[in-house]
Structure formats: C-alpha cells, structure tokens
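Novice:
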Amino acid sequence: MASRETMVRMDPSKQETNQKKASKPMAKKETQEFQFVVYNTMTQQKEVFKPKNPGKVSMYVCGVTAYDFSHLGHARAAVSFDVLYRYLKHLGYEVTYVRNFTDVDDKV
C-alpha cells in the first residue's frame with residue numbers, strides 16, 4: 001500500500017487543479033500605471049497627487065506641543081506622516097521632511 005503522500009500526488013483531481021493554477025495568465029503589472037490619489041481639503045475632492053516640482057516633495061508637519069502627558073495622538077501624528085514620507089521615498093520622490101516640536105515649558 002502506498003503512503004498518504006504518494007496517494008495525494010497520484011490523485012488526478014489534485015494534479016488537474018495544480019495544472020489549472022499554473023496555466024492562469026499573470027497580472028500585467030508592468031502595463032498598469034500607478035496613480036497616488038490624495039484628498040484635497042480645499043476642493044473637497046480626491047485628486048491625483050502632482051507635486052509643484054516634478055520628482056520633489058516638501059513636507060512640513062506641525063509636531064507635538066508638549067504641555068501635558070504624552071498620549072496616543074502624539075504617536076499617531078508622528079507615525080502617519082513618517083509612513084507617508086517613507087511611501088513617497090519608495091515611489092521615487094526626493095522628499096524634504098521637516099517636523100517641529102514645541103516645548104511650552106520654556107521659562108522666558
């Protein structure tokens with residue numbers, strides 16, 4: 001008697017399924033153009049992202065104002081814009097990323 005592994009390999013229905021999977025055409029990723037869409041709050045519409053200077057993006061992010069204990073909202077702002085920065089770099093943009101940090105505890 002053959003082992004279970006051998007029986008599965010010899011099962012014609014399994015082989016047919018594997019052949020069907022292998023014969024499916026691959027998705028044509030090379031021919032599809034990717035568009036980065038953002039929501040424009042001024043026009044209140046989704047628009048294709050087009051930087052003012054082709055290939056270059058500048059980001060200024062108003063960071064944390066530390067007047068009390070830290071909370072999850074501080075992390076959200078830092079992480080979300082860091083992910084956006086990394087994604088733009090991944091897409092091939094030259095990114096200038098400036099982030100401020102306001103310390104309210106200055107004794108001026």
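For reference, each letter of the sequence shown is one residue, going 1 to 108 in full-length UniProt numbering.
Ideal Cβ positions, reconstructed from N, Cα and C, are used throughout, including at glycine.
Keep in mind it's a predicted model, so treat the numbers as computed, not measured.
Please report the Cβ distance between Y85 and M59, rounded to the nearest whole angstrom; I am assuming they are in contact, meaning their Cβ atoms lie under 8 angstroms.
Specialist: Stepping through the sequence shown from its first residue, residue 85 is reached at position 85. Stepping through the sequence shown from its first residue, residue 59 is reached at position 59. About 6 angstroms; that satisfies the 8 angstroms criterion.
Novice: Distance check for V64 and R99, CA to CA, integer angstroms please.
Specialist: Position 99 of the sequence shown, counted from the first residue, corresponds to residue 99. Position 64 of the sequence shown, counted from the first residue, corresponds to residue 64. Taking the straight line from one Cα to the other gives about 9 angstroms.
Novice: Assuming E47 contacts V38 (C-beta within less than 8 angstroms), just tell me the rounded distance between them.
Specialist: Numbered from its first residue, the sequence shown carries residue 47 at position 47. Numbered from its first residue, the sequence shown carries residue 38 at position 38. Contact flag correct, Cβ pair sits at about 6 angstroms.
Novice: Run through the DSSP bridge pairs and tell me what A66 is partnered with.
Specialist: In the sequence shown, counting from the first residue as 1, residue 66 sits at position 66. D103.
Novice: Tell me which residue opens and which closes the beta strand (DSSP E) that Y87 is part of.
Specialist: Within the sequence shown, the letter at position 87 stands for residue 87. That residue, Y87, is in no beta strand (DSSP E); its alpha helix (DSSP H) goes L72 to H90.
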